[in-house]
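Reviewing the structure listed below.
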């Protein structure tokens, strides 16, 4: 497939499948499938953990099934997957829309299932059963995505031996003369150039559907009738909420990114969790009960273990308190400097008539082994 590999025009290759055949193109090119790929990753911290995968597959040999140009996008197979070990990592500043897939059902998958999904997508047997069908890989800044897949899953797509051409919509935009304020136009601006606005971008499934649509628009430009038909097809898909049904057996549809349950989602989770890394870190103690230790984003960002308090011991009175505000500040001072304890020692407790809290503080200050006496421990727990 040297012809496809050496051809300079990204737009020309895609146009070949949709009404503008290339002269002298090898017959094998007509058997190629177009696979769109998008990956989302956690942008904070030193390690780029892939959190989502979006794959769209368009088979040009199904031309007979299209009644008009709006049908092009309707016949895509689209997969949106969230990677289970990384699904809790959210890019809040870039827009957290992993749960807003507009064109089907999101699946939660393991790292092993991600590798299987990529292998199945890029290694599709030919109709005669001999070998695999050629692949046109398509994406928006797609080189970034392929590099991340290799780093995260150990999958080098080129080792499959099926990719004959890589098409990038950023390069296509340059080829047709799309104007941009930056050297490489972003997907949002490219959509805007065609009059398309979408709220839920930075979701791998949505991004790859729109990337595929933009590629079709660019390949048919300046035929705006085709462009309008494709846009109409997208809007109809958003209403119907599904593309070509797929019989994928991998993954699960329900997974809680907070507690790892497969019976509910995070927005309905009532399970109490604790991060013991954040408990030990005065900077992060306030959020210690919002996540599990294995899902500690703060530690992932810092890429280091919690910094221990430079003081010998945190304030034990506040550590044992049932008052969240006091508990969250326990790591900021030692017991001898506890302002709450000093206020309590100035007079009888305002909360009890028998001075229970005040006497407990006095006993605690004279004790050398915290929690060693059952009487003191019980009274701490009452607070």
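Numbering (UniProt numbering), first residue to last: 1 to 383.
Ideal Cβ positions, reconstructed from N, Cα and C, are used throughout, including at glycine.
Since the model is a prediction, treat every value here as computed from it, not as a measurement.
Alpha helix (DSSP H) containing residue 276: first to last residue?
Residues 276 to 279.
Going by DSSP, what residue range makes up the alpha helix (DSSP H) through residue 192?
Segment 187 to 193, the alpha helix (DSSP H) holding residue 192.
Could you tell me the boundaries of the beta strand (DSSP E) in which residue 77 lies?
Here the beta strand (DSSP E) through residue 77 covers 77 to 83.
DSSP on residue 45, reduced to helix/strand/coil?
In this structure, residue 45 counts as coil in the three-state DSSP scheme.
Tell me the residue span of the alpha helix (DSSP H) that contains residue 121.
Counting along the chain, the alpha helix (DSSP H) containing residue 121 begins and ends at 111 to 122.
Pick helix, strand or coil for residue 17, following the three-state DSSP scheme.
Taken through DSSP and simplified to helix, strand or coil, residue 17 comes out as coil.
Could you have a look at residue 61 and say whether DSSP puts it in helix, strand or coil?
In this structure, residue 61 counts as helix in the three-state DSSP scheme.
Determine the extent of the beta strand (DSSP E) in which residue 166 is found, giving its start and end residues.
Annotation for residue 166: the continuous beta strand (DSSP E) segment containing it runs 163 to 168.
Tell me the residue span of the beta strand (DSSP E) that contains residue 135.
Note, residue 135: beta strand (DSSP E), 135 to 139.
According to DSSP, what are the bridge partners of residue 37?
For residue 37, which the question treats as bridged, DSSP gives the partners 55.
Apply the 10 Å Cβ neighbour rule to residue 82 and answer buried if 16 or more other Cβ atoms are within range, or exposed otherwise.
Around the CB of residue 82, 16 or more other CB atoms lie within 10 Å, so the residue is classed as buried.
Contact defined as beta carbons within less than 8 Å: I believe residue 291 pairs with residue 175. What is the distance between those atoms, to the nearest angstrom?
Rounded, the Cβ-Cβ distance is 46 Å, inconsistent with contact.
Following the continuous alpha helix (DSSP H) through residue 205, name the residue where it begins and the one where it ends.
Per DSSP, residue 205 belongs to the alpha helix (DSSP H) from 204 to 220.
For residue 385, does the three-state DSSP call read helix, strand or coil?
Residue 385 is absent from the structure shown; the chain starts at 1 and stops at 383.
Just the Cα atoms here: how many angstroms apart are residue 264 and residue 271?
When rounded, the distance between both Cα atoms is 11 Å.
Taking residue 167 as the reference, give the member of 221, 279 and 14 with the closest Cα.
Checking every option, the nearest Cα to that of residue 167 belongs to 14.
Starting from residue 99, trace the alpha helix (DSSP H) in both directions and tell me its first and last residue.
Here residue 99 belongs to no alpha helix (DSSP H), and DSSP marks it neither H nor E.
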